[in-house]
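Protein chains in written order, with the working numbering: chain A, 82 to 374; chain B, 282 to 886.
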């Protein structure tokens, strides 16, 4: 917590991000900032647009409106340039390079931080060897960090599920990011593995990397995050500390639904039926049905 | 995973719970005697006459001196004997069978039966009836049959997990063999010697195949296929692979030296010509392997890049039919050809590599055809006069490199180097360069990026890889390598015509055969496309009587291969694991099997 005393800078600043797919607005003018040394959670019911928002941040989607900037510079909408700038991510459904070894997966993550092109690979000068050795050393260090160093030579597809998740994080860390985006890092994990993942995220934060995490596991989120934003139907509903979010009635409503104000009486049923009948007759004027809460 | 380790350590001990099954219910001792007696009979038979007339190719009439197909039966029978004796536990032969014991014997005896049976059939067919068979053929044939029956009665190397009821299942099971345990490390110089000797034998076998006539080649093919599978099952090839993986530069040198010795062993220039054509084909296939095997881009028009290189070199090399009145030195022609191919690669790649999968295949297929048709039309009447249309560019002069005229015969140390032999050595240099380029680019940041793109393009871009850029590099590199080969091809074949660069043809190289060589040989490997190209060149060249059925058989062979060995003849470790759901074979080495268990496996067998 000593890091808090140093001046916090804004790592990620997304403002007014809107993503429309044809007529469907998946994300509607969402603002979100992540500061250095912070773990921010992004929660919301299924289909709320969390992953779409992630894809907008990382350049997989070009947002219809709004802009995303990283440490003050506006990010280009190309995934590899976003990674180059310093944002790394994992995927909701694990996307490792299944037929590469564990070590090779992490080495691929080093791509943006090494510059050896085809010529140096063909000529194999001392610079190339040094860079390869450095990459290997760094990759092994990361495997050490997540505890997979002993499985460096295994194919990543043969790892158990939890280790694949970890490896995906190591691969993302290999690109030396300033911000790590985790898309449901504990999906499918048992409580012990979830706890280990928590420790891992804290350890990553302690290395000075800001983390933005999507998760459905509320205990995980509220243990972990300094700040939580709630996304519902593409819009940011509320943002604040765990307590604020947990106490917010709208959040509860979004997850559990609102209780009826009284049971639906016969009168209401009749009203609805009448409205439907009228609509079927293709009549233009329907009775006002928008009952604003 | 745990089950696997227990299975591995358990199988040599042959736990009584699962008894090894044999295909035929024979007592093992009797089966072994049958194999020995049968192989010995087959071996002795080869020293007798098999037919009465020399009109069957290879002269099988001499008693006391095996010739032609008899030699192949002889070698097969001798190997069967050797492996059977090794299985008996004869001292000094144990090194032959670190892996399977009885499955290699079965495979070898099947090979002998196949070769002998084929020879008898061919004699009968050629001369009109089985009356033309002399007793020697019958002795060998019946001996081979007895050996196979005996081998079918040998217990299988792996204990049956479940009782196999049908004979076919039992046969398939008894062909399986355990993987060899880790070898004890020998002194470096012995390992290097083993590699060198293996390459020497390999070269000898290949040279034998190149020189063989149709009938002999079929027998050669049967024995080689069964023999190579047998060596694989016996664990010798896996052992060799670990050695070559350990001494890669030695292997590379040994392979180059062995290949360079080939023209010196040839007296007939036509065999050296086959050699140089195989090398051209193999080199282009290896270039295609960068594109297909590493980057995963399906290119169906790859032969066009060979054509671009060949046409460019032909145009600037002083052919009288060339529209350019220039005569570049060879190095300049090579660079021009490669540069032209590179340019075409980029021009074709830049718009199309934004497509994925099938679309790219279709566009490249189209480009291949466009190239050929354009070369046809640039003849002065349908278009500007550049390539002389369908007549092509004839009379491409021979090369002269450093005062060494490749067009004439040379005498070196008493060996005659013919014109094709000269070009063979030149082409070998290019092949070596391409092998190095493949290896070095594959094992680097850019090579990993290619594989990552192949595996999952979205994840790869999310890891900071500029997908378009690295794909374009792969495509352009592949094109350049084909261009290199094309420049030599133009000189070797004197003249080039558009019809040499078809999508599918009975004569390689063409796009379909190139792709087949890569897939059949093994994607992403170095030796795979080389072996695949050699086979795909030799088989059509040697079996010309199959002309009409060639493409049909070719298709059939590809289907069978994809069904039974989808990773190709030479599998890289990755592909092997990808296609066969073995549970955790990639654990580096099974260290818990020291030398003692090998002996146990032999005693139990």
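Backbone N, C-alpha and C fix where the C-beta goes; we use that ideal spot for every residue, glycine too. Here the structure is a predicted model, which means the values were calculated and not measured.
When beta bridges are read from the DSSP output, residue 100 (chain A) appears opposite A:108. Within its own chain, the residues whose Cβ lies closer than 6 Å to the Cβ of residue 813 (chain B), once the five positions on either side in sequence are excluded, are 798, 801, 802, listed in chain order. The beta carbons of residue 131 (chain A) and residue 312 (chain A) sit about 5 Å from each other, so the pair counts as a contact at 8 Å.
Sequence-ordered contacts of the stretch 729-762 of chain B with chain A read 729, 730, 732, 733, 736, 737, 739, 740, 741, 742, 743, 744, 745, 746, 747, 748, 754, 758 [C-beta pairs closer than 8 Å]. When Cβ pairs closer than 8 Å are counted between the two stretches, the stretch 278-286 of chain A is seen not to touch the stretch 181-201 of chain A, the count staying below three. Nearest CB-CB separation between residue 721 (chain B) and chain A: below the 8 Å threshold. Rounded to whole angstroms, the gap between the alpha carbons of residue 381 (chain B) and residue 440 (chain B) is 12 Å. In the three-state reduction of the DSSP assignment, residue 691 (chain B) falls in the strand class. In the structure shown, the three-state DSSP call for residue 784 (chain B) is coil. From the beta-carbon of residue 195 (chain A), the residues of chain B found nearer than 9 Å are 726. The beta-bridge partner set that DSSP reports for residue 608 (chain B) consists of B:598. For residue 718 (chain B), at least one C-beta of chain A is nearer than 8 Å to its own C-beta. Nearest C-alpha to residue 97 (chain A) among A:214, A:316, A:120: A:316. Per the coordinates, the alpha-carbon of residue 616 (chain B) lies some 14 Å from the alpha-carbon of residue 758 (chain B).
Within the same chain, Cβ atoms closer than 6 Å to the Cβ of residue 545 (chain B) are found at 696, the five residues on either side in sequence being excluded. Close to chain B, meaning a Cβ-Cβ distance shorter than 7 Å, are the following residues of the stretch 242-258 of chain A: 252, 256. The beta carbon of residue 254 (chain A) is closer than 6 Å to those of 223 in its chain, skipping five residues each way along the sequence.
In this structure, the beta-carbon distance from residue 248 (chain A) to residue 236 (chain A) does not fall below 8 Å.
By the Cβ neighbour-count rule, residue 530 (chain B) is exposed, with fewer than 16 other Cβ atoms within 10 Å of its own.
Contact annotation: residue 331 (chain B) and residue 411 (chain B) have beta-carbon atoms that are not nearer than 8 Å. Between residue 269 (chain A) and the set A:302, A:250, A:242, A:295, the nearest pair of CA atoms involves A:242. Under the Cβ criterion of 8 Å, residue 185 (chain A) is counted among the residues facing chain B.
With a threshold of 16 other beta carbon atoms within 10 Å, residue 508 (chain B) meets it and is buried. At the C-beta level, residue 772 (chain B) and residue 682 (chain B) stay beyond 8 Å of one another.
Membership of residue 238 (chain A) in any beta strand (DSSP E) is not indicated, and neither H nor E is assigned to it by DSSP. Around residue 179 (chain A), the beta-carbon contacts reaching into chain B at under 7 Å are 736. Taken through DSSP and simplified to helix, strand or coil, residue 510 (chain B) comes out as helix. Under the DSSP assignment, residue 291 (chain A) falls outside any alpha helix (DSSP H), being part of the beta strand (DSSP E) whose first and last residues are 291-295. Nearest to residue 822 (chain B) by C-alpha distance, out of B:552, B:322, B:671, is B:552. For residue 155 (chain A), the pairing in a beta bridge is given by DSSP as A:150.
Neighbours of residue 160 (chain A) in chain B, taken as residues whose beta carbon is under 7 Å from its own, are 742, 743 in chain order.
Residue 659 (chain B) and residue 595 (chain B) have their C-alpha atoms spaced approximately 15 Å apart. The CB of residue 101 (chain A) never comes closer than 8 Å to any CB in chain B; the least such distance is about 21 Å. Under DSSP, residue 95 (chain A) forms a beta bridge with A:113, A:149. Chain B has a Cβ within less than 8 Å of the Cβ of residue 190 (chain A).
The straight-line gap separating the alpha-carbon atoms of residue 815 (chain B) and residue 712 (chain B) is approximately 13 Å.
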